[in-house]
Every structure is written in structure tokens, then in C-alpha cells.
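Peer 1: My questions all concern the structure below.
Residue numbers (the working numbering): 10 to 305.
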């Protein structure tokens, strides 16, 4: 329901009510003219009867002389029946039009009343819905605040300061809470640049013209790994390949450049914990697979 529908209906009703006014005036004017004519006619009849009682002439023309008074009285009487019928028809037509217009007004007023009722009902439903949403939101906010407080004081302390993840299960092994962390990796650019120099030196030593494929499997693996690790614009990309490279046990004698690059990148890499959160899992029994639980 649009408010504009009510505005439109109010305008329709106002227009019809305005259309009723000239009909009222028409009916009133017809009655006024009929009443005025009737009184004049009645008065003329009385005067003529009085003249007869007094033996006064009621002829307009007598002895070649026009009696103006009598002439006026007869003029009033002449055609009154036709005029009375005309005014009566005029009045009845106005009354009939008024009744039709009043019925139309009643119909439109009823429609407006229905629209107002429906709109008011819609407003009440909207208010109730909004109130319910705010109530539910207050409950959610309160629950989240309680959840955050409990996690901060009871759950997150279970994770070691340097740990990144910890799993806790209930005694029935049907519910699991996994504490996890977000971390941000910062790289020391100067050390990264120096490490890249050693890596480039390694490539220059084993494959000066960069066309010969290395025969040693270890060298081949290192070549592929380092190609993925090195990025032209950002020099070294922190990620899984960097972790793989740092975890390799390399011979200082065979790969002196890479060993130095390892030490530099290890010292250049700084992991900072940025936040903690939990993931929930459940299962019917300990023999079933874990299923994630929906969280807000």
C-alpha cells in the first residue's frame, strides 16, 4: 500500500464533493423561484377576488382604457402552471443528481476508509516488524558480546603465545572447538634484496646462459621453487614457496649462496598475529566425520 493511493483517493473525494455544491445551489434556486412564483400567484388570485367582492373590474381593458393593476395581476397568473411544472422538474432533476452524487461520495468515502484502514494496518505491521528486528538484534549483539568476552577470557588463553592453532574436544568426542589465528607477514626489504642477490648468483653459477636444464634433481627442484619464489616487482613473494625454501636442509658446501639466502630471508621474515577466532565442528558419534557448525 502506497501513501500516494490515499492522497489520490482524497483528491477524488474532494472533487466529487465540489461537484455536489452547484447541484445544491441549483436545487435551492429552483425552490426559491417556485416559492416566489407561488406566493405571487396566490397574492394575485386574492387581489382579483377582492376586486370582485368590491365590484371592481377584473378586466384588463374596459372602455378602451387599460387597467395596469389588473394587467399586472393577470400577467402573474398567466403561464404559472407551465412555469410551476418547469421549476418543479428543475428542482427534481437537481435533487436526483444530488442523490446520485451523494451515493458516489458514500462509495468513495468507503473506499478511502478501506485504504486508510489497510494503510494503518500496514504501518502497524511495519512497526511490529522493526520492533522485532531491533529486539532480535539486541539479543544477537548481547550474545556476541558475551561470546567475545568468554572467548577472550576462557578460550583464547588456551592457545600458546606462539601457537597458530589449537583443537579442543569434549569428552564424548562429538564437539570440537578449533582456535585459529590470523597473521600478517612483514619482510625486511634490505635483507630481501641481499638474499635475492645470492639467489641470482646461484643461478649464474649453475646455469650461466640460462639455457641448460640442470641434471641434478635437487638443483632442478630448487630452480623451479626459486623461480616461483622470485617476483620481478616485489622481489620475493612471502607465502608457501617461501616456507618451503626456508624448510629445505641445504648443504653449505654445495649451495653456499642459497644457504646465505635462507638465513637472510629467515631473519627478514616477521610474522605478527593480528587476530584470533574459533571454528566449531560437531558429529553424531566419534566414528562419524566432523561437520562444520554455522556461526554468525
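Glycine is no exception: its CB is placed at the ideal position from the N, C-alpha and C atoms.
Model, not experiment: these values are computed from the prediction.
For residue 242, which residues of its own chain have a beta-carbon under 7 Å away from its beta-carbon, when the five flanking residues on both sides are left out?
Peer 2: Low per-residue confidence applies at residue 242: pLDDT is 36, beneath 50, and the placement is therefore not dependable, though the value from the model is reported in the following sentence. The answer is none, since no qualifying residue turns up.
Peer 1: Ignoring anything shorter than 3 residues, give me the beta strand (DSSP E) runs that lie fully in the segment 57–113, in order along the chain.
Peer 2: none
Peer 1: Whole angstroms is fine: what's the gap from residue 3's alpha carbon to residue 113's?
Peer 2: This structure gives no information on residue 3, because the portion of the chain shown stretches from 10 to 305.
Peer 1: What is the residue span of the beta strand (DSSP E) that residue 175 lies within?
Peer 2: DSSP places residue 175 in the uninterrupted beta strand (DSSP E) bounded by 174–178.
Peer 1: Which of the three DSSP states, helix, strand or coil, is assigned to residue 155?
Peer 2: helix
Peer 1: Within 10 angstroms of its Cβ, does residue 75 collect 16 or more other Cβ (buried), or is it exposed?
Peer 2: exposed
Peer 1: Rounded to a whole number of angstroms, what is the C-alpha to C-alpha distance between residue 163 and residue 175?
Peer 2: 14 Å
Peer 1: Straight-line CA distance for residue 128 to residue 121?
Peer 2: 10 Å
Peer 1: Output yes or no for whether 7 Å exceeds the beta carbon distance between residue 274 and residue 204.
Peer 2: yes
Peer 1: Under 6 Å Cβ to Cβ from residue 184, same chain only, skipping five residues before and after it: list those, please.
Peer 2: Taken in chain order, the residues that qualify are 291.
Peer 1: For residue 177 and residue 168, I'd like the C-alpha separation in whole angstroms.
Peer 2: Computed Cα separation, rounded: 10 Å.
Peer 1: Have a look at 107, 181, 303 and 259 and flag the residue whose alpha-carbon is nearest the alpha-carbon of residue 297.
Peer 2: Ranking the options by Cα distance to residue 297, first place goes to 181.
Peer 1: Grouping DSSP H, G and I as helix and E and B as strand, with all else coil, what is residue 304?
Peer 2: coil
Peer 1: In chain order, what residues of the same chain have a beta carbon less than 6 Å from the beta carbon of residue 261, not counting five sequence neighbours either side?
Peer 2: The residues are 268.
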